[in-house]
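Student: Take the sequence shown: its position 123, counting from 1, is numbered 123 in full-length UniProt numbering, and each next residue is one higher. I'd like to ask you about the structure that follows.
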Amino acid sequence: MFEFENVRIRRTPNNSAEKPSSNRGARRGFRGHVGLGAIRRSQCSGMQEDIIDFFRNPALFIYITLMMTVCVVHGSQQVGDVVETEFHVYRLHQYEISGNMYGSRNHRVSYEAVSLSARALRRTMVTTWRELLTHDVDDMWSIATGAVLIFIPDNIDELNDIDRKAFLDLEVKLLNVKTDLAVYVAPHNDDAASILHDVSTRAEKAPSAVQQLIQSLSGNTISITSSDQIPELPDSYKPSNVVGRLSSGDRASLSIAFVAHYDTSSAVPGISTGTDSNGSGIVALLELLAVLSKFYDTPSTRPPYNLLFIWTAAGKLNYQGTRHWIDEFQKGIEGADFLDSGLNRKDDRIDLAICIESIGRKTDGLYMHAGKTPSENSAAAQLFKRLNKLAPNKKTELVTKKISLTTASAWEHEKFNIKRMPAVTLSTLASPSDPARNSILDLPSTLDEEELMDNIRLIAESVLGYILGLPEAGPSSDSRIKSEVSMLSKDAIDKQRVHHFIRQFASRPRPVGDRHATESVVSNLASVAAAYGQVFKSAVTITDAKTFGITQNRLVAERVKPAVFELVIAAGVFGYLSVFYYIATHSQKSVEGAVSAIRRSIF
Numbered sequence: 001m002f003e004f005e006n007v008r009i010r011r012t013p014n015n016s017a018e019k020p021s022s023n024r025g026a027r028r029g030f031r032g033h034v035g036l037g038a039i040r041r042s043q044c045s046g047m048q049e050d051i052i053d054f055f056r057n058p059a060l061f062i063y064i065t066l067m068m069t070v071c072v073v074h075g076s077q078q079v080g081d082v083v084e085t086e087f088h089v090y091r092l093h094q095y096e097i098s099g100n101m102y103g104s105r106n107h108r109v110s111y112e113a114v115s116l117s118a119r120a121l122r123r124t125m126v127t128t129w130r131e132l133l134t135h136d137v138d139d140m141w142s143i144a145t146g147a148v149l150i151f152i153p154d155n156i157d158e159l160n161d162i163d164r165k166a167f168l169d170l171e172v173k174l175l176n177v178k179t180d181l182a183v184y185v186a187p188h189n190d191d192a193a194s195i196l197h198d199v200s201t202r203a204e205k206a207p208s209a210v211q212q213l214i215q216s217l218s219g220n221t222i223s224i225t226s227s228d229q230i231p232e233l234p235d236s237y238k239p240s241n242v243v244g245r246l247s248s249g250d251r252a253s254l255s256i257a258f259v260a261h262y263d264t265s266s267a268v269p270g271i272s273t274g275t276d277s278n279g280s281g282i283v284a285l286l287e288l289l290a291v292l293s294k295f296y297d298t299p300s301t302r303p304p305y306n307l308l309f310i311w312t313a314a315g316k317l318n319y320q321g322t323r324h325w326i327d328e329f330q331k332g333i334e335g336a337d338f339l340d341s342g343l344n345r346k347d348d349r350i351d352l353a354i355c356i357e358s359i360g361r362k363t364d365g366l367y368m369h370a371g372k373t374p375s376e377n378s379a380a381a382q383l384f385k386r387l388n389k390l391a392p393n394k395k396t397e398l399v400t401k402k403i404s405l406t407t408a409s410a411w412e413h414e415k416f417n418i419k420r421m422p423a424v425t426l427s428t429l430a431s432p433s434d435p436a437r438n439s440i441l442d443l444p445s446t447l448d449e450e451e452l453m454d455n456i457r458l459i460a461e462s463v464l465g466y467i468l469g470l471p472e473a474g475p476s477s478d479s480r481i482k483s484e485v486s487m488l489s490k491d492a493i494d495k496q497r498v499h500h501f502i503r504q505f506a507s508r509p510r511p512v513g514d515r516h517a518t519e520s521v522v523s524n525l526a527s528v529a530a531a532y533g534q535v536f537k538s539a540v541t542i543t544d545a546k547t548f549g550i551t552q553n554r555l556v557a558e559r560v561k562p563a564v565f566e567l568v569i570a571a572g573v574f575g576y577l578s579v580f581y582y583i584a585t586h587s588q589k590s591v592e593g594a595v596s597a598i599r600r601s602i603f
């Protein structure tokens with residue numbers, strides 16, 4: 001018999017009653033976990049849709065594209081330098097005489113800048129006048145480049161004697177140029193120095209081929225373009241002669257004509273002031289008109305000669321204005337403008353035409369240029385004697401030159417001689433081929449005003465002595481008179497007036513191809529001359545010659561990347577767009593994968 005007295009069965013109180021309560025809590029916890037997961041899955045799904053919508057938005061594509069474009073454009077510019085520079089330039093002369101074209105036949109520029117040593121087609125050679133002296137200029141024109149830009153000193157009047165001679169030699173070469181290139185000259189400045197430095201740097205060879213390739217791909221180049229906004233001369237354009245007249249009142253009187261062409265010329269006419277050639281001639285005629293007009297104010301002092309003062313146009317184009325005036329004069333129709341005033345110029349007979357050119361330089365005397373030695377009793381011979389006797393300290397030398405009918409006239413008086421009219425030219429130049437006659441260096445600073453005034457006085461007194469019939473030795477040939485005797489007062493040649501005329505007419509370029517400058521000179525000449533005598537203007541018909549406009553222009557130099565660099569940029573942009581397109585088309589799958597990975601890491 002078993003004994004259970006010491007055996008106790010321990011029972012947990014209410015154990016069975018706690019189980020239902022514990023099961024309900026577990027179920028509530030499970031439902032809570034399930035709800036939180038659903039919420040999180042919903043949030044991740046919403047985030048996924050937002051990210052996908054963000055990448056699908058076209059605004060993002062446009063924004064990134066614009067940002068890339070801005071970065072490419074601004075990144076290709078040279079930091080710290082002016083990207084675009086404008087130059088006021090002057091074109092090489094262009095004209096035609098007897099079917100022969102001279103100078104530059106083109107004015108348009110749109111090429112890349114290169115150095116003088118480059119041998120590249122369709123480029124703009126950029127150089128300085130000093131560098132040009134060390135190269136064969138003729139060889140440069142034979143290279144089929146697009147244009148040439150030459151920088152000259154901005155203070156050209158400060159060149160020393162050696163540099164002036166070298167510059168004159170270069171001008172002579174440029175005067176004989178015949179080229180299809182557009183050739184321009186510009187004053188040197190800081191912008192020019194920067195461009196010359198960039199051009200020379202790019203022309204230098206790199207130490208290795210790889211560096212040279214990188215430089216050619218990424219280095220900056222300079223593109224030079226012309227504005228082409230300056231109009232050419234219209235076919236109807238005609239420069240004008242200006243003619244002033246002092247009348248003796250006697251229809252049978254002979255006439256003395258003073259002649260000077262007013263236009264300027266050089267290898268670069270747009271920058272040439274021509275102060276001595278022939279600004280001094282313009283000033284001399286104006287001052288002679290002002291001085292001699294006083295003798296024609298009253299009948300008692302009026303000389304028995306008519307005086308003509310003729311400022312002719314297109315003198316540098318084989319003296320077209322002079323030829324036109326002579327033709328009209330011989331036809332007897334040039335005086336139609338005076339018929340209303342009762343002065344029929346058909347009665348004028350030229351006793352002597354005195355052409356004046358370049359008389360403002362300091363020299364030992366004057367040269368009288370003539371076609372042949374004048375006869376003893378001719379007006380030219382009388383004038384020559386008086387010039388020498390009135391100024392014993394200055395010697396006037398006679399220079400004769402045979403006139404050629406097949407070539408352009410060397411001096412203005414030759415146009416009169418060809419028509420069998422007596423004429424001479426007074427000048428300080430001994431030869432018509434003197435380079436100073438057509439030079440940019442003919443500046444106001446080189447003109448000697450005192451010398452010009454002395455020469456004007458000498459010419460005025462010599463002509464007065466001749467037309468008044470005074471002794472050749474001067475106003476008085478009495479040996480008992482020791483003091484200096486002059487027909488003109490000491491202040492007859494007005495210094496202030498001469499200075500004003502120089503500033504107004506001899507200090508600015510006056511090329512015949514510049515319509516505005518030509519018309520301005522004609523208008524001012526007529527206005528000033530009208531204060532001393534009768535004046536009229538006559539339009540000149542240019543024959544056997546042609547002038548061209550656009551004596552100056554504006555060039556824009558822009559720093560740009562080479563054309564090959566654009567291909568590199570295009571390849572980079574294409575690669576960028578390809579990558580962006582791939583990302584855009586595969587963004588949903590990528591985002592879904594990323595979100596799934598995030599969800600797995602969370603759960």
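Note that the Cβ used here is the ideal one computed from N, Cα and C, for glycine as well.
In the DSSP assignment, find the alpha helix (DSSP H) that holds Lys389 and state where it starts and stops.
Tutor: Lys389 -> alpha helix (DSSP H) spans Ala379 to Leu390.
Student: Please work out which residues of its chain come closer than 7 Å, Cβ to Cβ, to Leu133, disregarding the five sequence neighbours upstream and downstream, and give them in chain order.
Tutor: Correct list, in chain order: Ala166 and Leu170.
Student: At which residues does the alpha helix (DSSP H) containing Asn455 begin and terminate?
Tutor: Segment Glu449 to Ile467, the alpha helix (DSSP H) holding Asn455.
Student: Quick check: what's the CA-CA separation for Thr179 versus Thr275?
Tutor: Their backbone Cα atoms lie some 28 Å apart in a straight line.
Student: Check whether the Cβ atoms of Ala313 and Asn241 lie closer than 8 Å to each other.
Tutor: Yes, these two residues count as a Cβ contact at 8 Å.
Student: DSSP has Tyr95 in a bridge; who is on the other side?
Tutor: Partner(s): Tyr102 and Thr547.
Student: Which class does Trp411 belong to by DSSP, given the choice of helix, strand or coil?
Tutor: In the structure shown, Trp411 sits in coil (DSSP, three-state: anything other than H, G, I, E or B).
Student: Taking the Cβ atom as the reference point for each residue, do Leu174 and Ile224 lie within a distance shorter than 8 Å?
Tutor: No. Outside cutoff.
Student: Counting pairs of Cβ atoms below 8 Å between the region 281-293 and the region 351-371, do you hit three or more?
Tutor: Contact between the region 281-293 and the region 351-371 is present, because at least three Cβ pairs lie under 8 Å.
Student: Taking all protein chains shown into account, do 16 or more other C-beta atoms lie within 10 angstroms of the C-beta of Arg202, making it buried, or fewer, making it exposed?
Tutor: Classification for Arg202: buried.
Student: If you reduce the DSSP assignment to three classes, tell me which class Pro187 lands in.
Tutor: Note: Pro187 maps to strand in three-state DSSP.
Student: Between the beta-carbon of Val424 and the beta-carbon of His413, is there less than 8 Å?
Tutor: Contact: yes.
Student: Count the C-beta pairs between the region 540-556 and the region 508-519 that are closer than 8 Å, then say yes if the count reaches three, no if not.
Tutor: The region 540-556 is in contact with the region 508-519.
Student: Rounded to the nearest angstrom, what separates Ser523 and Ser375 at their Cα positions?
Tutor: Each residue's Cα considered, the two are about 39 Å apart.
Student: Write down the C-beta distance between Gln320 and Ile542 rounded to the nearest angstrom, noting that I regard them as a contact closer than 8 Å.
Tutor: 5 Å between Cβ atoms; contact.
Student: Can you look up Val540 in the DSSP assignment and give me helix, strand or coil?
Tutor: Correct three-state label for Val540: coil.
Student: Measuring only the C-alpha atoms, how far is Val556 from Ile222?
Tutor: Between Val556 and Ile222, the C-alpha separation is close to 10 Å.
Student: Can you have a look at Ala192 and say buried or exposed, based on whether 16 or more other CB atoms are within 10 angstroms of its CB?
Tutor: Ala192 should be labelled buried.
Student: Below 8 Å on the Cβ atoms is my guess for Pro422 versus Thr273; work out the distance and round it to an integer in Å.
Tutor: That belief does not hold up - the Cβ atoms of Pro422 and Thr273 are roughly 32 Å apart, past 8 Å.
Student: Evaluate Tyr581 with the Cβ neighbour count: other Cβ atoms within 10 Å of its Cβ, from every protein chain shown; 16 or more gives buried, anything less gives exposed.
Tutor: Exposed.
Student: Going by beta-carbon coordinates alone, are Leu92 and Gly513 separated by less than 8 Å?
Tutor: Result no, Cβ atoms of Leu92 and Gly513 do not sit closer than 8 Å.
Student: Which one of Thr322, Met125, Ser601 and Asp263 has the shortest CA to CA distance from Val109?
Tutor: Closest by alpha carbon: Met125.
Student: With a CB to CB cut of under 6 Å and the five nearest residues on each side skipped, what residues in its chain are close to Pro304?
Tutor: Cβ neighbours of Pro304 beyond the five flanking positions: Ser248 and Ser253.
Student: Between the C-alpha atoms of Glu86 and Ile502, what's the straight-line distance to the nearest angstrom?
Tutor: Cα to Cα, the separation comes out at about 32 Å.
Student: Looking only at its own chain, which residues have a Cβ that is under 6 Å from the Cβ of Thr128, when we skip the five neighbours before and after it?
Tutor: Answer for Thr128: Phe151, listed in chain order.
Student: Could you pull out every residue in the same chain whose Cβ sits closer than 7 Å to the Cβ of residue 625, ignoring the five residues on either side in sequence?
Tutor: For residue 625 there is no data in the structure shown, the boundaries of the chain being 1 and 603.
Student: Hey, could you find the ends of the beta strand (DSSP E) Ile282 is sitting in?
Tutor: Taken as a continuous stretch (DSSP letters only), Ile282 belongs to no beta strand (DSSP E), being part of the alpha helix (DSSP H) at Gly279 to Leu292.
Student: Put Arg559 into one of helix, strand or coil per three-state DSSP.
Tutor: Strand.
Student: With a 10 Å radius around its C-beta and 16 neighbouring C-beta atoms as the bar for buried, classify Asp442 as buried or exposed.
Tutor: It counts as buried.
Student: Mapping the DSSP letters down to three states, classify Gly315 as helix, strand or coil.
Tutor: Three-state DSSP puts Gly315 in coil, outside helix and strand.
Student: Below 8 Å between beta carbons: does that hold for Ser378 and Leu168?
Tutor: No. Outside cutoff.
Student: Which word fits residue 629, buried or exposed, when buried means at least 16 other C-beta atoms lie within 10 angstroms of its C-beta?
Tutor: Because the chain spans 1 through 603 in this model, residue 629 falls outside it and cannot be assessed.
Student: Report the rounded CA-to-CA distance for Gly177 versus Gly103, giving the unit in angstroms.
Tutor: Reading the sequence as shown, one finds Val at residue 177 and not Gly. C-alpha separation (whole angstroms): 5 Å.
Student: Roughly how many whole angstroms lie between the Cα atoms of Tyr184 and Val89?
Tutor: The alpha-carbon atoms of Tyr184 and Val89 are separated by roughly 6 Å.
Student: Any idea if Ile282 is buried or exposed, counting beta-carbon neighbours within 10 angstroms, 16 or more meaning buried?
Tutor: Buried, since its Cβ has 16 or more Cβ neighbours within 10 Å.
Student: How would you write the range of the alpha helix (DSSP H) that Asp161 sits in, first residue to last?
Tutor: Its alpha helix (DSSP H) spans residues Asp161 to Leu175.
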